[in-house]
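Have a look at the structure below, then the notes.
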Amino acid sequence: MTQGLDEIKIGGLGARRRRVEDNRFVRGRGNYIDDIVLPGMLHVEILRSPLAHARIRSIDTSKAWDIPGVRLVLTGEMMATRNLAWMPTLSYDTQAVLATDKVRFQGQEVACVIADDPYIAKDACEAIVVDYEPLPVIVNPTQAVVEGAPLIRDDKENQPDNVIYDWEVGDKAGTDRAFERADVVSKIELHYPRSHPSPLECCGSIADFDRATSKLTVYMTTQAPHIVRAAVALIAELPEHMIRIISPDLGGGFGNKVPVYPGYVMAILASILTERPVKWVEDRSGNLISTGFGRDVYLQGEMALRRDGKILGVRMHTDADHGAFFGDAQPSKFKIGLMHSAFACYDIPAAHLTARGVYTNKAPGGVAYRCSFRVTEAMFFQERMVQAAADDLGIDQAEFRRVNFVRDDDFPHRTAFGFLTDSGQYGKCLDVGLEAVGYQEFLKEKEEARKRGRLLGIGISTMTEPLGAGNSREFDILGIKMFDSAELRVHMTGKAILRTGARTQGQGHETTWAQIVAHELGLPAEDIVVEEGDTDTAPFGMGTYASRSTPVAGAAVSMVARKIRAKARKLAAHLLEVSEEDVEWELGRFYVRSAPDRGVTIQECAMAAYSNMPDGMEPGLEGNAYYDPPNLTWPFACYIVTVEVDPQTGVWDVLNTVAVDDCGVRINPMVVEGQIMGGLTEAYAMASMQFITFDAEGNCVGSNFMDYLLPTAWETPGYELHEVVTPCPHHPIGAKGIGECATVGGPAAFVNAVMDAIKDTGVRNVDMPLLPDRVYEAITQRHDVSGAPPIKVDE
Ligand code: MCN
Ligand code: CUM
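Anchor point for the sequence shown: position 340 equals 340 in full-length UniProt numbering, and the numbering is continuous, going up by one each time.
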């Protein structure tokens, strides 16, 4: 007879446990960067360039110095004396901290003022006089590569043009042969526009250099505190043990808090120079205009098809607009990130991708925003290409996907671009989705509606995406390998503290990691406190992005708990006076195999570790684990959206959204559902309303929440969620990542639905955001509508 605990009751794997962090968040008791006030703290404000491309003739800061309360004014020239005018980026380029020679995008940091309060600092910024000589501006890749285009990076040696890289992957010859054999070739050109993570909390930091101890403490909105410490140690050559990075509660990250921004560097230098704590908190326009954006990639896609629907080959060419500095925060050796994860869920004999990256006069960035390193673009392009191909063949779009899916018995599967996928039930997910949306009935309804002049449409997006960087063989940042870690300390009363190298930004790690420990050790989840984000206390880890926390740090949590269980087993044997081999485990309890009633709880073992350990055993019950995943995890998703488009106005309404996600074993289904709903909302926002672009002068249009709209509960459609569970074969508890799936796969479902509704016009593409005027133009003018900058501005 078992006496083990009920796992759901103790908040273990699968429990819909309420998020413990919300106890403080919903009460306004979070501790965000701007809540932190240190004695004697000064404030930084940044002066940003109004021009997108201009030579700096001179900067006069004298009036700013004269304003009472101003402590320090920094320019690029002064940073240069400390060798800090430029900093390295994670993509082996350099980025200006404060401009010295030229400004290269609107909003670039030109000078900063450190003062007693932020208002004085802001006023003083306005007193700085900069003499600019305007230069011609580039806002898209076509302009960047024209003959005679102005050279943006004239600061670099061996950079004769604006091309950052030309890169390719796949089998060119095999793909060419596939196109020769094709019955039909389907082509489409797309632009995935610039989009912005816009977490509710902008970026900020407080640098606190203590001259007496030589210790530098930096509170900072970062998703990866240990990487920042490593970067400061390796690049600024400060001793690593004298640097402490603390990432306090984060008001969302969404990738925006991965890069290192000039403001952080300025605050650090200012604190060293003034010997006072120095705070920098970015404003909303500063965030939207200058920090890590997502996408801005163009695609020319081609598919070689057999008449019966089989895909024979895929060709993709992408042009990526990286802005003025190549600052992609991505850890792979692939120049265009994981773009070639495209088509991983389809069984395709040959594929070839070429990618070009260029400099333009726009803010740097390029990867960040719920993307797993350009997987967002990859899946959007893939699913738009798939729909266009199905239409070109005249085959039902669901059937076309089914014919080409990798089959359940075909794993592990090597994709045409070389990734190894390991598990999934793609057909089943599609079936669940079609059933839920009432596919056949909707098609009939759509036909009926069409006869009466109403435009209904249905869009499908199916994809498997690689989540969870590393493994360490293929992924590193500045040479540091992509593993992660967990440290678990069980106190004598059976309560515990768990720390990991990840950094939650709202994903719920404080709740879900405790559930993994509960699953492994039978300690109630509420007895485990989870702490992340302080490099002085947390074990070394690479942080949270690419939905890597569950695949990597989460796995480390399992592994460390198993180590603790192994030691507890020895303690149990000692307490039960039997040999270790005679001890069995059930959740929360060891017992004697031949006498199951004789047992000890995990809590009794914990007490024994401090009060009654066997001779020769090291006291205490704690440990750590570093986990290097054998592979990425490959969750699968099927998103289906139905819409109605108003032909009179181009306005479209979502009728129904169905999501079927397979992220393997779910630690906390409620948290997973929250991730999916949030992700779908971001997908809907990008597809429908989020507009940030540039005019011909390089003015950023939309760097405010009047243009760049965040959907509220009022505009957000409802979602119907379903699940399929295919455990990950190499993860200790079978989990796959989920944090980005819906943002990655969602946009194509919304766009495909609108394009399906207006298919009769012959239009193949309208670029996101599908603003009503764009849709209206497509319907009435019967042509594709591009969203590529520059936009025309009214005279
Ligand atoms: N989870 C689970 N079962 C699974 C997989 C995940 O219960 N099989 C839970 C995890 O325990 C975790 C959450 O779901 O609490 C997300 O897990 P995971 O997929 O591992 O993603 P990360 O924790 O690494 O989060 C990163 C991911 C990224 S890269 C972006 S960008 C993004 C996202 O998470 N930013 C977010 N979701 C966000 N959600 C919020 N609220 N705020 C952000 O800034
Ligand atoms: Cu690419 S955004 Mo998330 O990986 O932090």
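From the three backbone atoms N, C-alpha and C, an ideal C-beta is built for every residue, glycine too.
Query: N-terminal and C-terminal residue of the beta strand (DSSP E) that residue 215 is part of; Result: 215-220
Query: Where residue 624 falls: helix, strand or coil (DSSP); Result: strand
Query: Every unbroken alpha helix (DSSP H) within the segment 361-402, with a cutoff of 4 residues, ordered by chain; Result: 375-393
Query: Heavy atom of ligand 1 within 6 Å of residue 605 beta-carbon; Result: no
Query: Boundaries (first-last residue) of the alpha helix (DSSP H) holding residue 574; Result: 555-576
Query: Whole-angstrom distance between residue 548 and residue 503, CA atom to CA atom; Result: 11 Å
Query: Cut-off 7 Å between Cβ atoms - residues of its own chain near residue 120, not counting five sequence neighbours on either side; Result: 67, 69, 70
Query: Per-residue burial, residue 515 [other beta carbons within 10 Å of its own, 16 or more giving buried]; Result: buried
Query: Residue range of the unbroken alpha helix (DSSP H) whose run includes residue 602; Result: 602-611
Query: Within 7 Å, strictly: CB atoms of residue 731 and residue 469; Result: no
Query: Inter-stretch contact at 8 Å, needing at least 3 Cβ pairs: the segment 507-524 / the segment 2-18; Result: yes
Query: As assigned by DSSP and simplified to three states, the class of residue 776; Result: helix
Query: Opposing strand residues paired with residue 205 [DSSP bridges]; Result: 220, 280
Query: Inside the segment 229-310 only - alpha helix (DSSP H) runs reaching at least 4 residues; Result: 262-274, 284-290
Query: Contact test: residue 373 Cβ vs ligand 1 heavy atom, cutoff 6 Å; Result: no
Query: Inter-stretch contact (C-beta, 8 Å, three-pair minimum) for the segment 593-606 and the segment 567-578; Result: yes
Query: Exposure of residue 461, with buried meaning 16 or more beta-carbon neighbours within 10 Å; Result: buried
Query: 6 Å Cβ shell around residue 174 - same chain, five flanking residues per side excluded; Result: 350
Query: Any non-hydrogen atom of ligand 1 closer than 6 Å to residue 332 Cβ; Result: no
Query: Residue 491 in three-state terms, based on DSSP; Result: coil
Query: Residue 545: CB within 6 Å of a non-hydrogen atom of ligand 2; Result: yes
Query: Residue from 55, 379, 550, 73 whose Cα sits closest to the Cα of residue 667; Result: 550
Query: 3 or more residues per run - each beta strand (DSSP E) lying fully within the segment 452-519; Result: 455-464, 484-490, 496-500
Query: Endpoints, the alpha helix (DSSP H) within which residue 431 is located; Result: 426-437
Query: Buried versus exposed, by CB contacts within 10 Å (16 or more), residue 264; Result: buried
Query: Inter-stretch contact at 8 Å, needing at least 3 Cβ pairs: the segment 385-404 / the segment 270-289; Result: no
Query: Cut-off 7 Å between Cβ atoms - residues of its own chain near residue 797, not counting five sequence neighbours on either side; Result: Coverage of the chain is limited to positions 1 through 795, which leaves residue 797 absent and any answer about it impossible.
Query: Residue nearest to residue 491 in terms of C-alpha spacing, selected from 115, 679, 622, 641; Result: 622
Query: Among 287, 339, 737, nearest to residue 316 - alpha-carbon criterion; Result: 339
Query: Cβ pair residue 790, residue 650 closer than 7 Å; Result: no
Query: C-beta contact flag for residue 47 and residue 128 at 7 Å; Result: yes
Query: Inter-residue spacing [alpha-carbon to alpha-carbon] between residue 583 and residue 560; Result: 20 Å
Query: Assumed close pair residue 744, residue 213 - CB separation to whole angstroms, cut-off 8 Å; Result: Not really, about 45 Å apart at Cβ, beyond 8 Å.
Query: Cβ neighbour criterion (16 or more within 10 Å) applied to residue 287; Result: buried
Query: Closest Cα partner of residue 13 within the set 766, 734, 176; Result: 734
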